[in-house]
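J.:
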Amino acid sequence: MKDKDKEVGKLIKEEERRQKDTINLIASENFVSQNGREAIGSVFCNKYSEGYPGKRYYAGNEVVDTLEQLTQNRALKLYKLSPKKWGVNVQALSGAAANFWAYFALVPLGEKIMGQELSHGGHLTHGAPVSHTSKIWTWVHYPVDSSTHRFEYDAIMELAKKEKPRLIVAGASAYSRIIDFKKFRKIADTVGAYLMVDMAHIAGLIAGGIHPSPFPYADIVTTTTHKTLRGTRGALILFKKEFEKEINKSVFPAGQGGPHDHQTAAIAVALNEAMRPSFKIYVRQIVQNAKALAGFLKAKGYAIITGGTDNHLFLIDVTKKGMSGNDAQNLLEHAGITVNKNGIPYDTRKPMDPSGIRIGTPAVTTRGMREKEMRAISEMIDDILMERIRPEIMKARVKKFVKKFPTP
Ligand code: DSN
């Protein structure tokens, strides 16, 4: 290209280098395939297509219509959903937006929604005080148990009976155990609430059959496409057919303008990749790696919340090792390992410097790492946090270690 933007080009190279040379343990990140990246950089980014297939406000959408329908079909096929019973909207720009549009479609303003407490592993859009969601609807939050840090379904049932929410949200950003969607359905049925599952974190695990599916139980399921599902950034709203009209109206024209067709193209690519047999093997390895890494760190005396994991992530209470989550995040970052600080259930510290860090294995598993490498990573984490080996020495060690594991 003659007229290259050198400044941006340099930053892209720098970011590429950073991603290649570091160990990414951020539970919500992954590496997108070259096909996915090509799709999101394609000419679909030039198009306006407000509306839905066959009903657009602009001309020239015959190819976009086919693309959007293909993406919808792939989403339903991936999650084994009959098009007679389920529909999907692929236009929500990301997960937070998807959740807003779903609530707007199903819950009148001011009415009550029940979701997981943010500081116990929920999400901002599940009614956290700093989120607009908390201003638009009334929220009640269910905690995790104070000693096991797992869901206590009987207690959630009691809370639901007392509060009678219109909608219950199940799904988390930092919960390391299997979520029992059947029990959530029973709770929702008991109080006459809709059940919405936000499966963003575990969408890939569900697609690959390693986490139980919410679809037999939920009325509506939202997800991002870029976490364990390994696509580019975007979202899906899957709904029982009876909610089709309300959901689609809520996304467009009520919530958004034109969809990002280049994003839709890349989502279609990711959905197709997730249908391959190799994806099943990939997600199984994510969980095996998370279990292994949690186990190795536990053996070194790290306090793993709930004692382990059933999925792709786990939390560590690093205050037990004499530091805050922020300290741990910074020490690791300076040494080439990327994690995020995270609150732990019943945290007594502030969100900007909480007691924990969150560790996830989707990205390192995409690079081809397995249990043996998890042992090595646990040793590096300990050398950084406890042995306080100098960051530049550790950075070089990390760089050498990741060389054998290419990024897509
Ligand atoms: N920011 C995402 C995460 O890291 O879990 C959730 O939206």
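Residue numbers (the working numbering): 6 to 413.
Positions of the beta carbon are idealized from the N, C-alpha and C atoms, including for glycine.
Quick one, are the C-beta atoms of ALA299 and ARG235 less than 8 Å apart?
T.: Along the sequence shown, read from residue 1 onward, the residue named residue 299 stands at position 294. Along the sequence shown, read from residue 1 onward, the residue named residue 235 stands at position 230. Not in contact: ALA299 and ARG235 (Cβ atoms no closer than 8 Å).
J.: Please state whether DSSP places HIS146 in a helix, a strand or coil.
T.: As a position in the sequence shown, residue 146 is number 141, starting the count at 1. Residue state, collapsed to three classes: strand.
J.: In terms of DSSP beta bridges, what is GLN121 paired with?
T.: To locate residue 121, count along the sequence shown from 1; it is residue 116. Its beta-bridge partners are TYR147.
J.: Taking 6 Å as the limit between beta carbons, can you name the residues of its chain near LEU302, skipping five residues before and five after?
T.: Taking the sequence shown and counting its residues from 1, the one referred to as residue 302 is at position 297. The residues are SER383.
J.: Taking HIS154 and THR311 to be in contact with their CB atoms under 8 Å, please state how far apart those CB atoms are, rounded to whole angstroms.
T.: As a position in the sequence shown, residue 154 is number 149, starting the count at 1. As a position in the sequence shown, residue 311 is number 306, starting the count at 1. Contact flag correct, Cβ pair sits at about 5 Å.
J.: Give me the residue from GLY361, MET374 and LYS11 with the minimum Cα distance to ALA179.
T.: One-based indexing of the sequence shown puts residue 179 at position 174. Nearest of GLY361, MET374 and LYS11 to ALA179, Cα basis: GLY361.
J.: Quick test of your reading: ASN40 and ALA368, contact by CB under 8 Å. State the CB separation rounded to the nearest angstrom.
T.: Here residue 40 is taken as the residue at index 35 of the sequence shown, counted from 1. Here residue 368 is taken as the residue at index 363 of the sequence shown, counted from 1. Not quite, the Cβ-Cβ distance comes to about 18 Å (not below 8 Å), so this is no contact.
J.: So is the beta-carbon of SER152 under 7 Å away from any non-hydrogen atom of the ligand DSN?
T.: Residue numbering aside, residue 152 sits at position 147 when the sequence shown is read from its first letter. Not under cutoff, so the answer is no.
J.: In terms of DSSP beta bridges, what is TYR57 paired with?
T.: The residue labelled residue 57 in the question sits at position 52 within the sequence shown. DSSP lists LYS60 as partners of TYR57.
J.: Got a sec? Which residues, its chain only, sit under 7 Å from ARG79 by beta carbon, not counting five neighbours each side?
T.: For this step, residue 79 is matched to residue 74 along the sequence shown. Closer than 7 Å at Cβ, skipping near neighbours: ALA273, LEU276 and ASN277.
J.: Roughly how many angstroms separate the alpha carbons of LEU16 and LYS245, rounded to a whole number?
T.: The count along the sequence shown starts at 1 and reaches residue 16 at position 11. The count along the sequence shown starts at 1 and reaches residue 245 at position 240. Rounded to the nearest angstrom, the two C-alpha atoms are 43 Å apart.
J.: Would you give the residue range spanned by the alpha helix (DSSP H) that LYS82 belongs to?
T.: For the purposes of this step, residue 82 is identified with residue 77 of the sequence shown, where counting begins at 1. Start and end: 67-83.
J.: Counting Cβ pairs, one atom from each stretch, are 3 or more of them under 8 Å apart for the stretch 212-230 and the stretch 97-111?
T.: Counting Cβ pairs under 8 Å, three or more are found: they touch.
J.: Taking the straight line between their C-alpha atoms, what separation do you get for GLY341 and VAL37?
T.: Along the sequence shown, one-based indexing puts residue 341 at 336. Along the sequence shown, one-based indexing puts residue 37 at 32. Roughly 21 Å between the two C-alpha positions.
J.: The alpha helix (DSSP H) spanning THR416 covers which residue range?
T.: Past the boundaries of the shown model lies residue 416; the chain is included only from 6 to 413, so the question cannot be answered.
J.: Per the contact definition of three or more C-beta pairs closer than 8 Å, is the stretch 262-272 in contact with the stretch 39-55?
T.: Cβ pair count under 8 Å is three or more, so yes.
J.: Mind checking whether the beta-carbon of GLY348 lies closer than 7 Å to any heavy atom of the ligand DSN?
T.: Indexing the sequence shown from 1 puts residue 348 at position 343. Not so, every heavy atom of the ligand DSN lies at least 7 Å from the Cβ.
J.: Which residues in the same chain have their Cβ closer than 6 Å to the Cβ of TYR307, if we skip the five residues on either side of it in sequence?
T.: Locating residue 307 in the sequence shown gives position 302, where the first residue counts as 1. Same-chain partners within the cutoff: ILE321.
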